[in-house]
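Novice:
2 protein chains.
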Amino acid sequence: MPLARVHNIAVSLDGFATGEGQSLDTPFGHAGMRLMEWFFPTATFQGLSGDRERQEVSAASDPDDRFAAQSFEGIGAEIMGANKFGPPGWQQDPEWRGWWGEEPPFRTPTFVLTHTPKPPLEMSGGTTFHFLSATPAEALDAAFAAAGGLDVRIGGGPTMVREFLAAGLVDHLHVVQVPILLGRGVRLWDGLEGLEAGYDVDSVTTPSGVTHLTFTRR
Amino acid sequence: MPLARVHNIAVSLDGFATGEGQSLDTPFGHAGMRLMEWFFPTATFQGLSGDRERQEVSAASDPDDRFAAQSFEGIGAEIMGANKFGPPGWQQDPEWRGWWGEEPPFRTPTFVLTHTPKPPLEMSGGTTFHFLSATPAEALDAAFAAAGGLDVRIGGGPTMVREFLAAGLVDHLHVVQVPILLGRGVRLWDGLEGLEAGYDVDSVTTPSGVTHLTFTRR
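Residue numbers (this note's numbering), protein chains in the order written: chain H, 195 to 412; chain C, 195 to 412.
1) Cβ closer than 7 Å: which chain H residues qualify as neighbours of Glu390 (chain C)?
2) Considering Cα atoms alone, identify which of H:Arg411, H:Ser402, H:Asn277 and H:Phe409 is closest to Phe234 (chain H).
3) I want to see whether chain C comes within less than 8 Å of Gly362 (chain H), judged by CB atoms only; does it?
4) Output needed for Ala211 (chain C): all residues of its chain with C-beta closer than 8 Å, excluding positions within five of it in sequence on either side, in chain order.
5) Do you know how far the Cα of Thr408 (chain H) is from the Cα of Trp284 (chain H)?
6) Give the residues of chain C in contact with Gly385 (chain H), contact being defined as C-beta atoms less than 8 Å apart.
7) Is Gly275 (chain H) closer than 8 Å to Gly292 (chain H) when the C-beta atoms are compared?
8) Taking Gly388 (chain H) as the reference, give the member of C:Gly213, C:Ser252, C:Val200 and C:Leu363 with the closest Cα.
9) Who pairs with Ile273 (chain H) in a beta bridge, going by DSSP?
10) Just the C-alpha distance for Ser217 (chain C) and Lys278 (chain C), rounded to the nearest angstrom, thanks.
11) Using alpha carbons as the reference points, say which of H:Glu316, H:Pro288, H:Arg347 and H:Gly320 lies closest to Thr310 (chain H).
12) State the CB to CB distance for the pair Gly209 (chain C) and Asp256 (chain H), rounded to an integer number of angstroms; the pair is presumed to be in contact (CB under 8 Å).
13) Using beta carbons (cut-off 8 Å, strictly below), is Leu407 (chain H) in contact with chain C?
14) Does at least one heavy atom of the ligand ZN sit under 7 Å from the Cβ of Ser217 (chain C)?
15) Beta carbons nearer than 9 Å to chain H: which residues of the region 258-278 of chain C have them?
16) Do His324 (chain H) and Val200 (chain H) have their CB atoms nearer than 8 Å?
17) Cβ closer than 8 Å: which chain H residues qualify as neighbours of Thr399 (chain C)?
18) Mind listing which residues of the region 199-217 of chain C have their C-beta closer than 9 Å to chain H's C-betas, in chain order?
19) Tell me whether Glu272 (chain C) is buried or exposed, calling it buried when 16 or more other Cβ atoms sit within 10 Å of its Cβ.
20) Based on Cα-Cα distance, which residue from C:Arg411, C:Gly343, C:Thr308 and C:Phe300 lies nearest to Gln286 (chain C)?
21) How is Gln285 (chain H) classed by DSSP in three states: helix, strand or coil?
22) Look up Val355 (chain C) in the DSSP assignment and say whether it is helix, strand or coil.
23) Classify Gln240 (chain H) as helix, strand or coil using the three-state DSSP reduction.
24) Select from H:Pro282, H:Pro299 and H:Gly295 the residue whose C-alpha is nearest the C-alpha of Ala263 (chain H).
25) Quick check on DSSP: helix, strand or coil for Ala341 (chain C)?
26) Going by CA-CA distance only, name the one from H:Arg411, H:Ser397, H:Thr220 and H:Trp290 that's closest to Gly362 (chain H).
27) Identify whether Leu326 (chain C) lies in helix, strand or coil by the three-state DSSP scheme.
28) Please look up how many angstroms separate the CB atoms of Gly320 (chain C) and Arg301 (chain C), rounded, as I've assumed it's under 8 Å.
29) Determine the closest residue to Val372 (chain C) out of C:Gly215, C:His406 and C:Glu357, with distance taken between C-alpha atoms.
30) Which first and last residues belong to the beta strand (DSSP E) in which Phe261 (chain C) is found?
31) How many Å lie between Glu390 (chain C) and Ala360 (chain C) at the Cα?
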């Protein structure tokens with residue numbers, strides 16, 4: 195059975211997966227890039243970003259990379275929330291084509307949850323954005339149907355991940371706990387009392403100082 | 195310089211250091227003992243509880259015990275919040291002498307923060323409870339004065355630890371992150387944005403599945 199999987203969602207110690215004040219210039223709000231610093235030196239990120247970044251892959255990031263790379267293995271479709279596709283108000287901008295340029299890293303059908311659907315956007319490299327207004331369960335059905343028997347990535351942001359978790363739709367969850375305190379923003383964990391009961395939970399700390407938590411459905 | 199130290203404060207993934215509904219029978223509310231399960235098999239806990247418990251020390255708990263034991267090293271006084279000393283309403287019960295029987299494990303002067311001070315209680319084994327209404331800074335002054343040049347333990351619960359952290363009074367903080375989701379209760383981390391900036395932070399995951407986080411003042 196194909197699985198619904200969440201990968202590489204980073205949270206602060208106080209549980210915020212993005213900061214306050216998201217905008218075009220600050221996609222993570224006041225958190226800046228602090229939740230993703232563990233990710234940038236990994237081979238996986240460097241491979242995604244190609245020539246656009248000059249940062250070197252750090253060997254010390256190998257333990258993090260083992261987790262980061264899993265996000266791209268065996269995925270046939272992605273579902274993302276509206277806030278991952280663009281800054282507030284992108285729905286009113288007919289020119290907006292996502293944060294990722296003309297060749298987004300998804301390379302699969304990618305379903306964007308929004309209350310204002312529009313025609314699909316076919317990008318280079320295999321990504322086609324589909325815009326749909328749907329419940330989590332409906333969106334997952336559509337994504338599995340498009341995934342060709344592979345798994346579906348529940349891509350975030352935190353609000354939609356929380357909704358999929360609350361609906362019991364997530365088979366595998368990988369969270370990266372970053373030891374900073376953001377104080378404000380969007381919480382990942384609210385309203386999920388007892389979530390761990392349905393999962394085997396593993397924790398691994400890496401040299402970068404983050405802790406990788408994986409929840410695997412029993 | 196003697197230090198103000200916090201040890202062995204356990205939090206759920208969603209940041210709750212105690213559950214909802216604390217009472218005489220449920221000192222951690224609906225959390226039960228789930229936040230402390232990593233602690234019970236340690237040599238440190240077994241040594242504290244003496245004959246009262248029959249649980250065996252588990253060798254697998256050694257990595258946890260290295261953290262647990264530090265709580266009792268070099269401490270000359272403790273400060274605790276009212277909710278650690280007793281269930282809601284203990285101030286109105288003249289017979290209440292704390293949760294720990296006639297020989298409490300503190301073995302030092304122990305300052306209980308309460309808005310209804312009363313005369314000290316001298317217990318067996320070196321613990322004397324002093325009851326005082328004071329700000330965190332005032333309480334810390336009193337505790338250092340009583341600690342004979344040793345460190346002071348900021349003993350919890352989470353509300354008072356958060357107040358001491360917010361006031362910048364904590365030199366060393368040890369938090370045990372337990373991979374469960376409590377959903378409700380008393381949060382440790384609220385209102386502490388940017389706390390990590392003043393500390394070196396370390397994270398270590400142990401075989402029990404918890405992650406020990408230590409914040410050491412720079």
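Every residue, glycine too, gets a C-beta built ideally from N, C-alpha and C. If you're wondering where the values come from, they're calculated on a predicted model, not measured in any experiment.
Specialist: Walking through what the data contain:
1) Pro373, Ile374 and Leu375
2) H:Ser402
3) no
4) Ile203, Ala204, Val205, Leu229, Gly350, Gly351, Pro352, Val355, Gly379, Val380, Arg381 and Leu382
5) 32 Å
6) Gly377
7) no
8) C:Gly213
9) H:Phe305 and H:Ile348
10) 11 Å
11) H:Pro288
12) About 30 Å separates the two Cβ atoms, so there is no contact after all.
13) yes
14) Of ligands this structure carries none, so the ligand ZN is not represented either.
15) none
16) no
17) Ser397, Val398, Thr399 and Thr405
18) Val205, Ser206, Leu207, Asp208 and Gly209
19) buried
20) C:Thr308
21) helix
22) helix
23) helix
24) H:Pro299
25) coil
26) H:Arg411
27) strand
28) 4 Å
29) C:His406
30) Phe261 (chain C) -> not in any beta strand (DSSP E); alpha helix (DSSP H) instead, spanning Asp256 to Gln264.
31) 12 Å
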